[in-house]
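So the protein lines, in turn, are chains A, B and C.
Numbering-wise (our numbering), the first sequence opens with residue -10 and increments by one.
Numbering-wise (our numbering), the second sequence opens with residue -19 and increments by one.
Numbering-wise (our numbering), the third sequence opens with residue 3 and increments by one.
Quick reminder that beta carbons are idealized off the backbone N, C-alpha and C, glycines included.
Here the structure is laid out as structure tokens; the discussion comes afterwards.
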Amino acid sequence: MTVRSYFLPPSLPEALALLETHGPELLVMAGGTVAMPLINEGISLPEVVMGLRRTGLDRIEQADGTLRIGATVTLTRLLEQRAVPLLAEAARNTGSWAVRNMATVGGNLFTPPPGGDVAVALLALDASVTLAGSRGERVVPMADFFTGFLATRLAADELLVGLSVPIPGGRTAFTKFGRKHANTPAVVTVAVHVAGDAGTVTDARIALGAVGPHPVRARRAERALVGTDLDADAIAAAAAAATDECEPFTDAIATDWYRRRMVGVIVARTLERLADGTAGAGR
Amino acid sequence: MASTIVTFELGDREVEVMVRPLTTLQAVLRGQLGATATKEGCRQGGCGSCTVLVDGAPVLSCLLPVEDVAGRRVTTLETVTPSEGLHPIQQAFLDANAYQCGYCTPGMVMLAKALLDHDPDPGEETIAQALTGNVCRCTGYRPIIEAVGTAADALRDGDAGQPR
Amino acid sequence: MNVRGTRVLDAPREVVFEAVCDPDTLLAVIPGCHSIEQVSATEYRGQISVRLPGVVGTYRTTVRLVDADPPERGVLDGEVVGPLGSITGRATFRLAEADGRTVVEYDGQAVVDGPLARLDGRFVEGLAGSLIGQGLANLNARLEGQHDAPKETAR
């Protein structure tokens, strides 16, 4: 093992101070579910490591129609919260019980492709991310957070400290399609939020995972739903738009061809469940 | 490279180990404490054979730096096994032939213990869902799920004096 | 691995070509680059720090301009060496004038060696593409005179 020092700072200011001291050499981890496999395999050879488990960034609070989730809240606790069922459903579809006891909401935003299914739900919920660094705190909307392959707006001197989720007013649904029923990376993940009383869609957010370099909003698919009754034609149009606008890749889980084939199917099924009312709030 | 001393509870006794930075709980249990019931399978968090409980919750010891469990309570198969006889979960696995090579078994038993501590009357679906993180290449899972159900019944029937 | 792409920069060709050959510019625009020096008329050495989820490291970089046809075309040989292995390759870039702006086309092939090679090839390719993309975006901002844009790094 190459590690010279492993820090477990007891507060955010101390964590930021360590980040400033050690700079780009410092490997930051929260749940360890991404970093430790790479370290165990000898693919990652850090000399200094910082764990965030004790920094106190693990609170969940609800106020003023917003759910504030600390970056190191585990997926188990996300699964247990009732305020936003879509997030509970996304957490339920991630990993296994033991993985969820360790993996964190914040860490899910940095899971290498195809991963990060909670991130897909956060994108559909129009959440924002709070980053803290030497220049203070700033808030970045999820829609702007991912900038490329394994690239985000997080600057070199910053830590992700929390997420703010507006409690959704409309109906939500989530589907993760993988090669196994559980504890598996995604072939395609779909998270949807649809608003509109009396049957007509006034606003739609469709977030897709595993069909691009990072979770993306399917903007054309969303536009295909607005003003419709979420009928079969509208759903088919949205599915076709999503198929067209996504940028799937090939990896050990699935080929780009298969992902492109399945994104339309899974978008359609998710919207159908939403339309049927069988989606409930977040199924 | 400075070693540190980490103190934690293993079952009902306090242990103290000296470790290099970022040594995993799995390595400490198997390498330093001679507690080899916890297995090493993938070291990726994918197989579940390293499952132990920390403060009653299942975790993957291959991904957990031992420094993170300082002051916490760790439960392994060794600490669950009574000094004589078998824990009802172990007995149920034995009776159901819920193992062949036995490699996944400690992890399965620890998961089952955590499940039954949280939910004393789980249905088959709940049991199957709870075990999704534990891979078995031998049994096809059916006898394992049965064993957990049987163990739940046995524990609920309140065997007084049996360890939980 | 192969990395190729196209990007439009808001500056004339001559300016872009000169910027690509200027160590101070490279230091400012390459994500994670924290030192660079020109060791000869055509060779630069530097250090780039990469921070990915679960992986950090500092890499020694050597870049040589092996063929140049300014302001139209250049061929770079490069080597990136670090604790996780090495990447060795060659890239050709072409600059085309378009109304005072420059269309940059780049096309590179590289061989990955060491523990890095055990990662899914897509990761190294994707990361290289991402770094080049960010570098060109940073270059564009710099050439437009926006010197205060914070340099974002891959994490």
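Within-7 angstroms CB hit, residue i to chain B
i, result
"tyrosine -5 of chain A", "yes"
"alanine 246 of chain A", "Inspection of the sequence shows that residue 246 of chain A is occupied by tryptophan rather than by alanine. Chain B contact via Cβ: absent."
"valine -8 of chain A", "yes"
"asparagine 29 of chain A", "yes"
"proline 26 of chain A", "yes"
Cutoff 7 angstroms: residue i Cβ touching any chain C Cβ
i, result
"leucine 34 of chain A", "yes"
"glycine 40 of chain A", "no"
"proline 103 of chain A", "no"
"valine 274 of chain A", "For chain A, the structure presents residues -10 to 272; residue 274 of chain A sits outside this window and is missing."
"glycine 271 of chain A", "Interpretation of glycine 271 of chain A is limited by its pLDDT of 38, a score under 50 that renders its predicted location unreliable; no figure is taken from the coordinates."
"aspartate 240 of chain A", "yes"
"alanine 140 of chain A", "yes"
"phenylalanine 134 of chain A", "no"
"proline 13 of chain A", "yes"
"glycine 122 of chain A", "no"
"leucine 16 of chain A", "yes"
"phenylalanine 99 of chain A", "yes"
Beta-bridge pairing of residue i - partner residues as DSSP gives them
i, result
"cysteine 35 of chain C", "C:Ile50"
"tyrosine 61 of chain C", "C:Ile50"
"tyrosine 283 of chain A", "Residue 283 of chain A lies beyond the residue range present for chain A, which begins at -10 and ends at 272; the question has no answer from this structure."
"valine 183 of chain A", "A:Arg160 and A:Ala193"
"threonine 170 of chain C", "The question about residue 170 of chain C has no answer here: the residues shown for chain C are numbered 3 through 157."
"asparagine 4 of chain C", "C:Gln111"
"glutamate -6 of chain B", "B:Glu(-11)"
"tyrosine -5 of chain A", "A:Val38"
"alanine 93 of chain C", "C:Leu78 and C:Gly110"
"glutamate 104 of chain B", "The partner list for glutamate 104 of chain B (beta bridge, DSSP) is empty, contrary to what the question assumes."
Proximity test, Cβ basis, 7 angstroms: residue i and chain A
i, result
"leucine 40 of chain B", "yes"
"arginine 41 of chain C", "According to the sequence provided, residue 41 of chain C is valine. The question's arginine does not apply to it. It does not; no Cβ of chain A falls within 7 angstroms."
"aspartate 115 of chain C", "no"
"glutamate 37 of chain C", "The sequence shown places serine at residue 37 of chain C, not glutamate. No, serine 37 of chain C does not count as interfacial toward chain A."
"glutamine 148 of chain C", "Legend: pLDDT at glutamine 148 of chain C = 46, less than 50; position of this residue unreliable, value from coordinates given subsequently. By this cut-off, glutamine 148 of chain C is not an interface position."
"aspartate 122 of chain C", "yes"
"glutamate 47 of chain B", "yes"
"serine 132 of chain C", "yes"
"leucine 129 of chain C", "yes"
"leucine 74 of chain B", "no"
"tyrosine 33 of chain B", "According to the sequence provided, residue 33 of chain B is leucine. The question's tyrosine does not apply to it. No, no contact with chain A."
"glycine 135 of chain C", "yes"
"threonine 56 of chain B", "no"
"glycine 113 of chain B", "yes"
CA-to-CA distance, residue j to residue i, given in whole angstroms
i, j, result
"arginine 127 of chain A", "glycine 103 of chain B", "46 angstroms"
"tyrosine 46 of chain C", "valine 65 of chain C", "5 angstroms"
"glutamate -11 of chain B", "glutamine 109 of chain B", "29 angstroms"
"glutamate 16 of chain C", "aspartate 79 of chain C", "21 angstroms"
"glycine 84 of chain A", "methionine 90 of chain B", "17 angstroms"
"valine 94 of chain A", "alanine 175 of chain A", "17 angstroms"
"arginine 142 of chain A", "serine 51 of chain C", "17 angstroms"
"threonine 104 of chain C", "threonine 3 of chain B", "52 angstroms"
"glycine 122 of chain A", "proline 157 of chain A", "29 angstroms"
"alanine 196 of chain A", "valine 179 of chain A", "6 angstroms"
"leucine 13 of chain B", "valine -1 of chain B", "12 angstroms"
"arginine 124 of chain C", "glutamine 70 of chain B", "45 angstroms"
"alanine 80 of chain A", "leucine 149 of chain A", "19 angstroms"
"arginine 249 of chain A", "glutamate 236 of chain A", "8 angstroms"
"alanine 257 of chain A", "proline 62 of chain B", "53 angstroms"
"alanine 231 of chain A", "alanine 60 of chain A", "30 angstroms"
"methionine 309 of chain A", "lysine 169 of chain A", "Beyond the ends of chain A as shown, which are -10 and 272, falls residue 309 of chain A; an answer cannot be given."
"glycine 198 of chain A", "methionine 131 of chain A", "13 angstroms"
"arginine 71 of chain A", "alanine 77 of chain A", "7 angstroms"
"glycine 96 of chain A", "alanine 112 of chain C", "31 angstroms"
- Answer yes if the stretch 202 to 219 of chain A comes into contact with the stretch -13 to 6 of chain B, meaning at least three C-beta pairs across the two stretches below 8 angstroms, and no otherwise. no
Three-pair Cβ contact test at 8 angstroms for the stretch 146 to 166 of chain A versus the stretch 102 to 121 of chain A:
Under the Cβ criterion (8 angstroms, minimum of three pairs), the stretch 146 to 166 of chain A counts as touching the stretch 102 to 121 of chain A.
If the cut-off is 8 angstroms on Cβ atoms, which residues from the stretch 46 to 70 of chain C count as contacting chain A, listed in chain order? Ser51, Val52, Arg53, Leu54, Pro55, Gly56, Val57, Val58, Gly59 and Thr60
Taking contact to mean at least 3 C-beta pairs separated by less than 8 angstroms, is the stretch -5 to 4 of chain A in contact with the stretch 83 to 93 of chain C? Segments in contact, no.
| query | For the 8 angstroms Cβ check, are there 3 or more pairs between the stretch 112 to 119 of chain B and the stretch 44 to 63 of chain B? | reply | no
For the stretch -12 to 4 of chain B, list every residue whose C-beta sits within 8 angstroms of some C-beta in chain A, in sequence order.
Arg0, Pro1, Leu2, Thr3 and Thr4
Q.
Below 8 angstroms, how does it come out for the stretch 94 to 104 of chain A and the stretch 117 to 128 of chain B: are there three or more Cβ pairs, yes or no?
A. Verdict: no, contact absent.
Next item on the list: Scan the stretch 205 to 221 of chain A for residues whose Cβ lies nearer than 8 angstroms to a Cβ of chain C and list them as they occur along the chain.
Entry: Look at the stretch 205 to 221 of chain A: it has no residue with a C-beta under 8 angstroms from a C-beta of chain C.
Exercise for the section: Mind checking the stretch 170 to 204 of chain A against chain B and listing, in chain order, the residues whose C-beta falls within less than 7 angstroms of any C-beta there? Expected result: Ala171 and Asn172
- prompt: Of the residues that make up the stretch -5 to 11 of chain A, which ones have a beta carbon closer than 7 angstroms to any beta carbon in chain B?
  reply: Tyr(-5) and Leu(-3)
Using a Cβ-Cβ cutoff of 8 angstroms, what residues of the stretch 72 to 92 of chain A are near chain B? List them in chain order.
From the stretch 72 to 92 of chain A, only Gly84, Ser85, Trp86, Ala87, Val88, Asn90 and Met91 have a Cβ closer than 8 angstroms to chain B.
When Cβ atoms are compared, which residues of the stretch 17 to 30 of chain B fall closer than 8 angstroms to chain A? Arg23, Gln24, Gly25, Gly26 and Gly28
ask   = Quick one: any contact between the stretch 27 to 41 of chain A and the stretch 106 to 115 of chain A, if contact means 3 or more CB pairs under 8 angstroms?
value = no
Does the stretch 20 to 27 of chain B come into contact with the stretch 28 to 37 of chain A, if we say contact requires no fewer than three beta-carbon pairs (one atom in each stretch) closer than 8 angstroms?
Yes, the stretch 20 to 27 of chain B is in contact with the stretch 28 to 37 of chain A.
- Message: Whether or not the stretch 28 to 48 of chain B and the stretch 80 to 95 of chain B are in contact is what I'm after, with contact meaning three or more pairs of Cβ atoms, one per stretch, closer than 8 angstroms; do they touch?
- Response: yes
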